[in-house]
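K.L.:
Residue numbers (UniProt numbering), protein chains in the order written: chain A, 1 to 508; chain B, 1 to 468.
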């Protein structure tokens, strides 16, 4: 057992449902007790979805516990098949059905004899996989199912498209800024003269999956979702894939160069260097921003980054490489893929943290006292408590992270959005200086609670006054460093002298 | 069941498939940990439970909540780990970090299926670590949403002291100096206060309500000379009310049938079966019933009710002769429908997760009476509704307002149907005379909003679906 207040990645069935409900005309039936259909609320609320979420439950109640589901699951599948005519019904196991160990595969086989649509059992075990892994697996499973089916029926197109084309794999519902990223990627492909063959799973029809092999290559923008599918397509159809996330100026260029290499190998003869150069220097504002005096003020400022693999890696690289910010800690909650994370970020940060325990992350942030945090909603709340600004860069997210306005993180417009996010997160440069020069506009005298446990030290009047003059956003840090210094040297009362001595010794 | 022998009611009851959307009953920790200030709620379940709580409770999760998950891992499921030792480790950690006066274990679907004996482990661990442990099985196999509170309160009813303890003496001792100083005055005040109440058998109310509502209802009864001896739950676990054999009890919420049963059977109290104090009509009926059982002549209730109705007229104007449809998810449906019908609405269907015809008898009677008096058809009560079928019926009936869960609200709005999110009724203050306005504020909000947008012609925001 584990004492937990908060989790970063959801349970496995959420991943499966995200894939199922991303496709068009696919229905998921959860084998779950009453109340487990909370996914529908999230989708309806966060995505402000206009349509009914195509997810229902085959309820596990006392009777099921006593006698097994018997015909219930099958009835629910055939009923849904009649009511909504879905192309595919995905039977989704949950933690409850994992323990019940009913033969769901058998239900699927029996139900599919009576249904017009296809029926699949999502192959995910609640206790082995989390939301992200389950999503990756379910997408792979669905794609494989339909390609096998097409092969059997001999309907598999064998030719490639005339002009270079791409499948964009991994855009899904409830993904962080996925819709905007997708639009931006399509725009990028258009500018590169590459046709978009299929986008999966979002908005895709399962009938079109058989067309996947017609593309010249696959693009997997997110590390967490789509890799299994891309690997499968590579081994089965010899399709190359590009898995460089086009997030940030340098990485976007790297991604485009890789695409160039991949399609030239198939005889495309394109040269994107001019395009990259033009975009970088004149279209995207991010490169110019790094050079501008605004960004100068950010030099050497400390930041902590935490999130999923894709976004935490990209942000770490952007902050360190493109903006000269000092990333003291980069971390991920994707424990199952931590080697990749380490390899990606180790040269761009001081310390790597792999953890799903939000208390550990909170403590690390408190210890480092960065000027800004880039993390999930949870880190935003840690930041609030510690009085450190935070930009949200990854799920888990709240409704405010599903903006209506166009806010991609990928491609060249994405670099602009990220520059804004970073810049707005740090205290604005001039304001910073003015506060220091004029002793702050904060007239509150007493310092209330810090994050650290109650202090045993007392501050005399002058020192308290002096502390009050320090700008609010660094005051806590000065206070803690001074107290640490005083404690180490055995001072019981902090006077002005002690304060200055502390400042000289530790740069408080 | 003896229910079959009840006299035939004009109310029509149906039961569907139970394929409906509601919150998991573990959500009760969100409001109960806030209500019982010295408690800690430990939900023993899986990531699924945790994910639900974290998302459903939104912002509250960050306010250092006094609740946590005991997340079961594969070793717990396969009994490789010892439940007792695992729970002990976590509870000691909670004791060290938070030092609560009670730890409430919430059993979930998983603990049911693997048959973890929480009721057996609780007392043993309680003795070992010295903190009371209350076990409530609030799982989705058996219960819906607000019934979670019912299971917790039923478990807590066992922990209420039987006889008034020496608490008073203790209190006096603690305040020795102040009581010495104020001795004369205090006593005078107390006796004067006592005389405001009629002499009656002690009455304990049950149901968790926000403190302002508790004060409000207590004062409302005080006006009739009825003294409320205690509330289950109280603000702190250490202040749970004394419940002696023969006391009267009355519920304030329609979903508390297990608690009522426990109080009657195990604590030998007498239950006052009354409509619930929701809406001015319900509040008046509730007070009247309590008074009649305690043999007190109620004073000035009719005028009070009339005054409240008059003050609601601006809202009632908006909904009079409009229709409402309850999809059903929190068990407040019967009381809310009864109130809205009294406001002049008609109601075709009341969906409800579970219908205890005995505990809600008085409320059902009042509903029937209200329909007859207002001259509207008596609604069908659909237990364990089927959301898919309900939506087909909603398309047919085209009600002016659908009260439903968040899963259906946005899709219905996009199809031009006004909705009110039902969960808000659970968290808003809706009890007593004074809060009747709040119910209407909620119920009329979609109508008022859509009145504002009427001119724009943005009713239907989905393209016609292909398959009809």
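Even glycine gets a Cβ: it sits at the ideal position worked out from N, Cα and C.
All values reported here derive from a predicted model rather than from experimental measurement.
For the region 334-343 of chain A against the region 414-424 of chain A, are there 3 or more C-beta pairs whose distance is under 8 Å?
P.N.:
no
K.L.:
Please name the residue or residues paired with residue 2 of chain A in a DSSP beta bridge.
P.N.:
According to DSSP, which records beta bridges pairwise, residue 2 of chain A is partnered with B:71.
K.L.:
For residue 432 of chain B, is the classification buried or exposed, using 16 other Cβ atoms within 10 angstroms of its Cβ as the cut-off for buried?
P.N.:
buried
K.L.:
Quick one: complete beta strand (DSSP E) runs, 3+ long, within the region 65-122 of chain B?
P.N.:
67-71, 102-107
K.L.:
Could you check the C-alpha separation between residue 462 of chain A and residue 371 of chain A for me, to the nearest Å?
P.N.:
27 Å
K.L.:
Sorted by chain position, which residues of the same chain lie with C-beta nearer than 7 Å to residue 400 of chain A's C-beta, five sequence neighbours on each side aside?
P.N.:
none
K.L.:
Along chain A, which residues have their Cβ under 7 Å away from the Cβ of residue 50 of chain B?
P.N.:
4, 7
K.L.:
Work out the CA separation of residue 330 of chain A and residue 316 of chain A for me, nearest whole Å.
P.N.:
7 Å
K.L.:
In this structure, does DSSP put residue 341 of chain A in helix, strand or coil?
P.N.:
helix
K.L.:
Determine, using beta carbons only, whether residue 306 of chain A and residue 354 of chain A come nearer to each other than 7 Å.
P.N.:
no
K.L.:
Please compile the residues from chain B whose C-beta is within a distance smaller than 7 Å of the C-beta of residue 62 of chain A.
P.N.:
141, 142
K.L.:
What residues are listed by DSSP as bridge partners for residue 346 of chain B?
P.N.:
B:323
K.L.:
What alpha helix (DSSP H) runs, 4 residues minimum, are completely inside the region 141-221 of chain A?
P.N.:
178-192
K.L.:
Does any residue of chain A have a CB that is nearer than 7 Å to the CB of residue 444 of chain B?
P.N.:
no
K.L.:
May I ask you to report which of helix, strand or coil DSSP gives residue 7 of chain A?
P.N.:
coil
K.L.:
Does the distance from the CB of residue 146 of chain B to the CB of residue 330 of chain B come in under 7 Å?
P.N.:
yes
K.L.:
What distance in whole Å lies between the Cβ atoms of residue 87 of chain B and residue 32 of chain B, which are believed to be in contact at a cut-off of 8 Å?
P.N.:
With 8 Å as the limit, residue 32 of chain B and residue 87 of chain B do not qualify as a contact, their Cβ atoms being about 20 Å apart.
K.L.:
Do residue 130 of chain A and residue 28 of chain A count as a contact pair if the criterion is CB distance below 7 Å?
P.N.:
no
K.L.:
So who's on the other strand from residue 351 of chain A, going by DSSP bridges?
P.N.:
A:329.
K.L.:
How would you list, in chain order, the residues of chain A whose beta-carbon sits under 8 Å from the beta-carbon of residue 54 of chain B?
P.N.:
6, 7, 396
K.L.:
Would residue 302 of chain B count as contacting chain A if we go by Cβ distances under 7 Å?
P.N.:
no
K.L.:
If we count the other Cβ atoms within 10 Å of its Cβ and call it buried at 16 or more, is residue 35 of chain B buried or exposed?
P.N.:
buried
K.L.:
Can you tell me whether DSSP reads residue 457 of chain B as helix, strand or coil?
P.N.:
coil
K.L.:
Starting from residue 395 of chain B and walking both ways along the beta strand (DSSP E), at which residues does that stretch end?
P.N.:
Counting along the chain, residue 395 of chain B falls outside any beta strand (DSSP E), though it belongs to the alpha helix (DSSP H) covering 387-397.
K.L.:
Chain A beta carbons: is any one of them nearer than 7 Å to that of residue 74 of chain B?
P.N.:
yes
K.L.:
Contact between the region 143-160 of chain A and the region 379-386 of chain A is defined here as three or more beta-carbon pairs at a separation below 8 Å; is this criterion met?
P.N.:
no
K.L.:
Does the Cβ of residue 451 of chain B have 16 or more other Cβ atoms within 10 Å, making it buried, or fewer, making it exposed?
P.N.:
exposed
K.L.:
Taking the C-alpha atoms as reference points, what is the distance between residue 117 of chain A and residue 392 of chain B?
P.N.:
CA-to-CA, the gap between residue 117 of chain A and residue 392 of chain B works out to about 22 Å.
K.L.:
Looking at the C-beta of residue 46 of chain B, does it have a partner C-beta in chain A at a distance below 7 Å?
P.N.:
yes
K.L.:
Does the beta-carbon of residue 427 of chain B have 16 or more other beta-carbons within 10 angstroms, so that it is buried, or is it exposed?
P.N.:
Residue environment for residue 427 of chain B: exposed (fewer than 16 other C-beta atoms within 10 angstroms of its C-beta).
K.L.:
Checking the sheet assignment: what are the DSSP bridge partners for residue 458 of chain A?
P.N.:
A:493
K.L.:
So, does the CB of residue 15 of chain B fall closer than 7 Å to a CB anywhere in chain A?
P.N.:
So, not an interface residue.
K.L.:
Can you give the beta carbon distance from residue 109 of chain A to residue 78 of chain A, rounded, assuming they're within the 8 Å contact cut?
P.N.:
At roughly 13 Å, the Cβ-Cβ gap does not stay under 8 Å, so residue 109 of chain A and residue 78 of chain A are not in contact.
K.L.:
Take the Cβ of residue 161 of chain B as the centre, count every other Cβ of all protein chains shown within 10 Å, and call the residue buried at 16 or more, exposed below.
P.N.:
exposed
K.L.:
According to a CB-to-CB cut-off of less than 7 Å, which residues of the region 79-98 of chain A neighbour chain B?
P.N.:
The residues in question are 83, 85, 94, 95, 96.
K.L.:
Determine, using beta carbons only, whether residue 44 of chain A comes closer than 7 Å to chain B.
P.N.:
yes
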